[in-house]
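Each remark here refers to the structure printed beneath this line.
2 protein chains.
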Amino acid sequence: MGERGLIEHIRRRLPPPPPSLVVGIGDDAAVAVAERGALQVLTTDALVEGVHFDRRFSTPADIGYKALAVNVSDIAAMGAEPRLALLSLILPPALPLADIDRLLDGLLDVAARTGVTLAGGNVTRSPGPLVVDMTVVGSVRPRRILPRRGGRPGDSLYVSGTIGAAAAGLGWLTEHGTLGSELPEDPEMADCVARHRRPEPRARLGALLGRTRTASACMDLSDGLADAVRQIAESSGVGARVAAEALPIHRGAAGWFGQRGVDAVLASLSGGDDYELLFALPNRARGRLRLVERQARGVQLTRIGELTKDKGLVVERDGAGEPLPPGFVHF
Amino acid sequence: MGERGLIEHIRRRLPPPPPSLVVGIGDDAAVAVAERGALQVLTTDALVEGVHFDRRFSTPADIGYKALAVNVSDIAAMGAEPRLALLSLILPPALPLADIDRLLDGLLDVAARTGVTLAGGNVTRSPGPLVVDMTVVGSVRPRRILPRRGGRPGDSLYVSGTIGAAAAGLGWLTEHGTLGSELPEDPEMADCVARHRRPEPRARLGALLGRTRTASACMDLSDGLADAVRQIAESSGVGARVAAEALPIHRGAAGWFGQRGVDAVLASLSGGDDYELLFALPNRARGRLRLVERQARGVQLTRIGELTKDKGLVVERDGAGEPLPPGFVHF
């Protein structure tokens, strides 16, 4: 099947587009009606085989899922709502059509759950590894954006969900797992593997934090919590203090790191791929946060520390301070 | 230099962003003010080493130039104006920073000339070939779009510039050239090589054709003129008749193909990478076309045939008809 045939095959698999999509797949470019009065939010992120995923550990459906999820996560971290996606598929020789179909399954699953329309893209062959490169365009009202730089001394730092699960899940896969092998018996550990394969982008939470003007700054944890704390603090020109005891370390991750004699606090702070949101909360917005919590459909929000006037980046544990560890390095 | 360092290096090289860019490179996503009342136009296209370019034939600056030019060409083919670009750079091991800088030189050259702001992107390493994947977002007024499907029987077919040059240029490079070697002595042939390396996207012409509602359908020649004629005709549910004698075959290409005993008409119809525009012109819009021609800064426009009620796709030569050849297949 050639490029055109494959594009037509993909087009046929899509759900009916919304009326706002004026021109969809199959023309030189897609054309869409923009939300009136909203700002455009644009992000792009690529998953490269051998760097961001391993086909022994993730199914094609997992890869498609994650390719869109990580981009939706970036849109959420700006307080925006994702609208349209473009898929750039760079295919190694002899990737079966069935694998492309499963990749689309995973991608369309995330699209349906986050209200994203696959509006266009590009397909090309390559002598190299599989690359799934996606662009997502979202929208946000002016003054509802959540940039990294908005934090102020005294703002509380909150993180959604739990941390460390994706890193522990990848660790388990590297030690035991290939596709088709049994998942861990421990359900907490099985959840870690699932979180590595299919992170849940916090689309609803991010949009709520923006819309209600609850957070002063926000970022996703693609490169780990320590990195996100550092980025928000540095962009905002402040420091940060994180309480080790408060960190919502995933139970499976705590067990996994503990059994290996690894410091679970440091490993969970440094581990990447969690795709939770870190945000700064001004004291005046505490009431709004309770409102957001009620509407965020059970996503746990944990206060882990605060931004400080002093520019140091400190983890407090057992009454002593230690430096914030470095973030996760993909590169 | 890691991912963050490289992104910061790229950011420092950019010209000051326009006020419409609210958040640029360095946050989770870029944020921009959209043009009021305009539709969003979105396209993505990747250049893959070994498929779309050969580093023996094109400099890093040529590759950066072409990566943006081919996307701007897609926006132009919709009658829209390009506004923002995202760059996804997938880097093989040990690509020198100087090469990335030259790639940016070429890219920023096109950006400056076509009014595009590099608003964000992503950088990742890869075990495979260099991939430069770009997304361009443009805008167009409602009812000014030029889709492929708008052609009607009796509309004239026009093509901009000349055809065949890029294919002949690539042919010359494959026979003689590596970087650093002399360019062809014949200036026409040297122009063919230049057109392969640095195609001129018809940004101004496309936007004019849309804004003035001159064309009923439009497409760029990324996969060759024959392919573009076929796509416009099939999408519009009509046929097409092309006059071989009318084709604006580049003089260098005509000579190159002629010397090799290759039919220059067929080779120029089938050859890809010209990035000219093919458009359909309703008879009532002839007056407007003269206006467009005056404003298009010397871009030659040639009537090459017409759309027909009969669904055949015919090249007329010496009083006889032959079938339209297939398009250029990258895939």
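First to last, the sequence lines map onto chains A and B. Be aware that the first sequence starts at -12, since it is given in my numbering, and climbs by one per residue. Be aware that the second sequence starts at -12, since it is given in my numbering, and climbs by one per residue. Every residue gets a Cβ at the ideal spot worked out from N, C-alpha and C, and that includes glycine. Fair warning: this is a prediction, and the values are worked out from it, not measured in the lab.
Going by DSSP in three states, residue i sits in which element: helix, strand or coil?
i, result
"S113 of chain B", "coil"
"A320 of chain A", "Nothing about residue 320 of chain A can be read from this structure; chain A reaches only from -12 to 318."
"R228 of chain A", "strand"
"G(-11) of chain B", "coil"
"Y145 of chain B", "strand"
"E375 of chain B", "Because chain B in this structure spans residues -12 to 318, residue 375 of chain B falls outside the shown range and cannot be described."
"D120 of chain B", "strand"
"G93 of chain B", "helix"
"G108 of chain A", "strand"
"T289 of chain A", "strand"
"I(-6) of chain B", "helix"
"D14 of chain B", "coil"
"V327 of chain A", "The requested residue 327 of chain A does not occur in the structure, where chain A is confined to residues -12 to 318."
"A190 of chain B", "helix"
"V279 of chain A", "helix"
"I77 of chain B", "strand"
"G308 of chain A", "strand"
"T46 of chain A", "coil"
"T161 of chain A", "helix"
"T201 of chain B", "coil"
"F40 of chain A", "strand"
"A233 of chain A", "helix"
"V9 of chain B", "strand"
"F266 of chain A", "strand"
"L82 of chain A", "coil"
Would you check if the distance between the CB atom of residue i and the CB atom of residue j is smaller than 9 Å?
i, j, result
"G245 of chain B", "D173 of chain B", "no"
"L133 of chain A", "A204 of chain A", "yes"
"P313 of chain B", "S257 of chain B", "yes"
"S18 of chain B", "G148 of chain B", "According to the sequence provided, residue 18 of chain B is Val. The question's Ser does not apply to it. Cβ distance not < 9 Å, so V18 of chain B and G148 of chain B don't count as in contact."
"A0 of chain A", "G13 of chain A", "A small fix is needed here, since residue 0 of chain A is Arg in this sequence, not Ala. Contact flag unset, no."
"R200 of chain A", "R131 of chain A", "yes"
"Y145 of chain A", "L276 of chain A", "yes"
"A21 of chain B", "L71 of chain A", "no"
"H183 of chain A", "G156 of chain A", "yes"
"A272 of chain A", "A202 of chain A", "yes"
"G248 of chain B", "M176 of chain B", "no"
"L(-7) of chain B", "I87 of chain B", "yes"
"R198 of chain A", "V252 of chain A", "no"
Can you list, in chain order, the residues of its chain whose CB lies under 6 Å from that of residue i, leaving out five sequence neighbours each side?
i, result
"L94 of chain A", "G51 and L55"
"V28 of chain A", "I62, M65, A67, G125 and V127"
"D260 of chain B", "A153"
"A48 of chain A", "R89, D92 and G93"
"V57 of chain B", "D32"
"I77 of chain B", "T111, S113 and V118"
"P140 of chain A", "V225, L294, T295 and K296"
"V302 of chain B", "V229, A231, E309 and L311"
"G108 of chain B", "L73, L74 and S75"
Which residues in the same chain as residue i place their Cβ atom closer than 7 Å to its Cβ, once the five residues preceding and following it in sequence are excluded?
i, result
"A213 of chain A", "L256, S257, L311, P312, P313 and G314"
"D96 of chain B", "Y52"
"T46 of chain B", "R89 and L166"
"T101 of chain B", "V59, P69, P188 and A190"
"I219 of chain A", "R135, G138, A204, M206, L265 and A267"
"T289 of chain B", "Y145, V146, A233 and P235"
"D178 of chain A", "A152 and G239"
"V10 of chain B", "A17 and V18"
"K298 of chain A", "V225 and G226"
"A129 of chain B", "For the record, residue 129 of chain B in the displayed sequence is Pro; it is not Ala. Counting only Cβ-Cβ distances below 7 Å, and skipping sequence neighbours, we find L26."
Can residue i be considered in contact with the ligand GTP, in the sense that its beta carbon sits closer than 8 Å to one or more heavy atoms?
i, result
"P188 of chain A", "You won't find the ligand GTP in this model; it holds no ligand whatsoever."
Leaving out the 5 sequence neighbours to the left and right, which residues in its chain are closer than 8 Å to residue i when beta-carbon positions are compared?
i, result
"A98 of chain A", "L55, A72, T104 and L105"
Q) In chain order, what residues of the segment 194 to 217 of chain B put their CB closer than 7 Å to some CB of chain A? A) The segment 194 to 217 of chain B vs chain A, Cβ under 7 Å: M206 and D207.
Q: Give the residues from the segment 79 to 100 of chain A that approach chain B closer than 7 Å (Cβ to any Cβ), ordered along the chain.
A: Answer in chain order: no residues at all.
(Q) Under 9 Å, CB to CB, which of the residues in the segment -1 to 22 of chain A have a partner in chain B? (A) From the segment -1 to 22 of chain A, only V9, V10, G13, D14, D15, A16, A17, V18, A19, V20, A21 and E22 have a Cβ closer than 9 Å to chain B.
(Q) Across the segment 158 to 171 of chain B and the segment 228 to 236 of chain B, are there enough close Cβ pairs to call them in contact, namely three or more that are closer than 8 Å? (A) No, because fewer than three Cβ pairs between the segment 158 to 171 of chain B and the segment 228 to 236 of chain B fall closer than 8 Å, the two stretches do not touch.
Q. If you measure beta-carbon to beta-carbon, which residues of the segment 109 to 123 of chain B are closer than 7 Å to chain A?
A. Of all residues in the segment 109 to 123 of chain B, only N109, T111, R112, S113, P114, G115, P116, V118, D120 and T122 come within less than 7 Å of chain A when Cβ atoms are compared, listed by chain position.
Q. Is the segment -5 to 11 of chain B touching the segment 74 to 82 of chain A, taking contact as three or more C-beta pairs under 8 Å?
A. Contact between the segment -5 to 11 of chain B and the segment 74 to 82 of chain A is absent, with fewer than three C-beta pairs closer than 8 Å.
Q) Using a beta-carbon distance cut-off of less than 7 Å, what residues from the segment 33 to 53 of chain B approach chain A? A) Taking 7 Å as the Cβ-Cβ cut-off, the segment 33 to 53 of chain B approaches chain A at A33, V35, G37 and V38, given in chain order.
Q.
I want to know whether the segment 31 to 44 of chain A touches the segment 105 to 118 of chain A - three or more CB-CB distances under 8 Å.
A. Yes, they touch.
Q: Determine, using beta-carbon pairs with one atom in the segment 178 to 188 of chain A and one in the segment 289 to 296 of chain A, whether at least three such pairs fall under 8 Å.
A: Segments in contact, no.
Q) Would you call the segment 193 to 204 of chain A and the segment 148 to 164 of chain A touching, i.e. three or more CB-CB distances under 8 Å? A) Touching, no, given that fewer than three Cβ pairs across the two stretches are closer than 8 Å.
Q. Quick one, which residues of the segment 216 to 231 of chain A are near chain B if we go by CB-CB under 7 Å, in chain order?
A. Within the segment 216 to 231 of chain A, no residue has a Cβ that lies closer than 7 Å to any Cβ of chain B.
Q) the segment 122 to 150 of chain A: which residues have C-beta closer than 9 Å to a C-beta of chain B, in chain order? A) Of all residues in the segment 122 to 150 of chain A, T122, V123, V124, G125, S126, V127, P129, I132, L133, P134, R135 and R136 have a Cβ within less than 9 Å of some Cβ in chain B.
Q.
At a CB distance below 8 Å, what residues from the segment 156 to 188 of chain B approach chain A? Give them in sequence order.
A. Residues: none.
**Q.** Near-chain B residues of the segment 278 to 290 of chain A (beta-carbon distance less than 8 Å), N- to C-terminal order
**A.** Of all residues in the segment 278 to 290 of chain A, none has a C-beta nearer than 8 Å to a C-beta of chain B.
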